[in-house]
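Numbering (the numbering used here), first residue to last: 269 to 620.
In this text, a Cβ means the ideal position worked out from N, Cα and C, and glycines have one as well.
Quick caveat: nothing in here was measured; it's all calculated off a predicted structure.
Below is one structure, written out as structure tokens, with a few remarks after it.
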């Protein structure tokens with residue numbers, strides 16, 4: 269048997285043991301922590317959690333590709349200097365090094381620009397994390413339109429599509445900083461091949477009572493108070509705009525709920541099946557990602573398999589490369605402001 273197959277089987281066994289044991293309830297974030305994290309940006313949260321993990325786990329490794337100096341890792345490097353690995357501007361090498369460390373049993377995180385840690389390294393991800401199941405957590409920084417001022421090359425609008433297409437990968441899109449911290453703690457306690465998508469948008473705290481990340485489990489983060497006729501299914505930080513859109517719709521007499529999908533893969537298929545069986549007039553997916561291959565595609569695939577699906581509206585970035593502009597301007601043009609989302613929902617409902 270090849271060494272790759274042996275490592276793959278060992279990692280699969282380790283992941284199963286983690287899921288059954290210490291990783292099952294890991295990752296809890298308290299209400300107090302949620303408030304504190306909401307005052308930070310995601311890069312600061314990443315560094316703080318890595319420092320916290322380094323203090324109690326000598327088996328932590330953070331492998332960076334030059335970008336590390338922007339990730340608030342000073343404390344982590346002081347506590348655990350041997351756990352910090354700088355690869356320079358060489359993301360393919362970053363993933364190879366991270367996989368090697370993960371295969372030796374270290375809880376390994378590999379952060380970089382979201383478009384580079386998914387697109388530039390796709391073959392390394394397929395082989396190391398997909399085929400060999402090396403339990404590395406890739407962390408995509410400045411996902412979506414956050415780096416829009418740097419042009420199309422730095423916008424990560426295809427990253428979810430790429431990562432959900434790799435077998436054995438999990439794809440996390442935290443809705444706020446509390447959930448990001450919870451996901452990072454979860455993946456340290458129960459390492460597995462994963463992609464964590466982060467960006468800064470409205471700074472909302474959608475989990476004021478705290479949260480515990482669970483892969484494959486959706487959360488209802490806004491209810492209209494009665495039976496909903498519209499379900500907004502959102503992922504990532506744009507969930508805050510979906511909530512505001514639901515409030516705008518409520519003011520017009522349209523009862524809309526917001527369902528947050530922390531993981532696009534595994535998808536909470538039970539939650540999607542419930543939408544199909546619940547008599548909704550419309551299901552609208554909302555994501556700061558291309559309308560091709562992301563959350564909208566995953567929900568559409570499941571609804572069609574289930575049968576009897578309600579009308580579906582997929583809201584996201586257009587299937588085109590965007591000119592350089594601010595995140596706010598790019599999202600506004602794509603109709604992904606709260607008012608834009610509500611307007612698209614109203615328009616679709618008017619067509620019956």
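To the nearest angstrom, report how far apart residue i and residue j are at their CA atoms.
i: residue 594; j: residue 415; result: 8 Å
i: residue 309; j: residue 547; result: 39 Å
i: residue 532; j: residue 566; result: 7 Å
i: residue 621; j: residue 471; result: The shown model of the chain, from 269 to 620, leaves out residue 621, and the question about it has no answer.
i: residue 301; j: residue 340; result: 17 Å
i: residue 584; j: residue 422; result: 17 Å
i: residue 539; j: residue 349; result: 43 Å
i: residue 488; j: residue 368; result: 39 Å
i: residue 458; j: residue 328; result: 12 Å
i: residue 307; j: residue 589; result: 32 Å
i: residue 520; j: residue 476; result: 27 Å
i: residue 356; j: residue 518; result: 50 Å
i: residue 526; j: residue 552; result: 10 Å
i: residue 513; j: residue 332; result: 37 Å
i: residue 419; j: residue 612; result: 27 Å
i: residue 330; j: residue 376; result: 6 Å
i: residue 542; j: residue 576; result: 11 Å
i: residue 564; j: residue 346; result: 43 Å
i: residue 529; j: residue 483; result: 9 Å
i: residue 439; j: residue 485; result: 12 Å
i: residue 610; j: residue 429; result: 25 Å
i: residue 591; j: residue 391; result: 27 Å
i: residue 336; j: residue 354; result: 8 Å
i: residue 560; j: residue 524; result: 24 Å
i: residue 436; j: residue 511; result: 31 Å
i: residue 509; j: residue 562; result: 18 Å
i: residue 620; j: residue 506; result: 26 Å
i: residue 315; j: residue 351; result: 13 Å
i: residue 574; j: residue 298; result: 37 Å
i: residue 494; j: residue 618; result: 21 Å
Less than 8 Å between the C-beta atoms of residue i and residue j, yes or no?
i: residue 498; j: residue 522; result: yes
i: residue 578; j: residue 544; result: yes
i: residue 313; j: residue 448; result: yes
i: residue 570; j: residue 604; result: no
i: residue 214; j: residue 389; result: The structure shown does not extend to residue 214, since the chain is modelled only from 269 through 620, so no value can be given for it.
i: residue 586; j: residue 607; result: no
i: residue 616; j: residue 572; result: no
i: residue 378; j: residue 402; result: no
i: residue 433; j: residue 425; result: no
i: residue 383; j: residue 334; result: no
i: residue 582; j: residue 568; result: yes
Please identify the residue among the options whose C-alpha is closest to the C-alpha of residue i.
i: residue 504; options: 405, 518, 557; result: 557
i: residue 445; options: 597, 611, 296, 596; result: 296
i: residue 386; options: 326, 358, 526; result: 358
i: residue 442; options: 451, 610, 435; result: 451
i: residue 453; options: 432, 480, 434; result: 480
i: residue 380; options: 528, 508, 410, 430; result: 410
i: residue 324; options: 337, 311, 393, 344; result: 344
i: residue 496; options: 298, 507, 515; result: 515
i: residue 417; options: 304, 555, 478, 599; result: 599
i: residue 374; options: 342, 407, 408, 326; result: 326
i: residue 580; options: 597, 614, 455; result: 614
i: residue 455; options: 596, 294, 619, 618; result: 294
i: residue 311; options: 407, 619, 478; result: 407
i: residue 304; options: 478, 507, 506, 463; result: 478
i: residue 555; options: 372, 500, 393; result: 500
Across which residues does DSSP place residue i in a beta bridge pair?
i: residue 552; result: 500, 581
i: residue 314; result: None; residue 314 has no bridge partner.
i: residue 379; result: 407
i: residue 440; result: 464, 531
i: residue 354; result: 332
i: residue 558; result: 585
i: residue 510; result: Per DSSP, none; premise fails for residue 510.
i: residue 412; result: 424
i: residue 524; result: 498
i: residue 479; result: 297
i: residue 487; result: 528
I want to see whether chain C comes within less than 8 Å of residue i, judged by CB atoms only; does it?
i: residue 508; result: No chain C is part of this structure, which consists of one protein chain only.
>> Between the segment 348-365 and the segment 390-410, can you find at least three pairs of beta-carbon atoms closer than 8 Å?
In response: Contact holds: three or more Cβ-Cβ distances are below 8 Å.
>> Under 8 Å: do the segment 315-323 and the segment 461-479 share three or more Cβ pairs, one atom per stretch?
In response: At 8 Å Cβ cutoff, the stretches do not touch.
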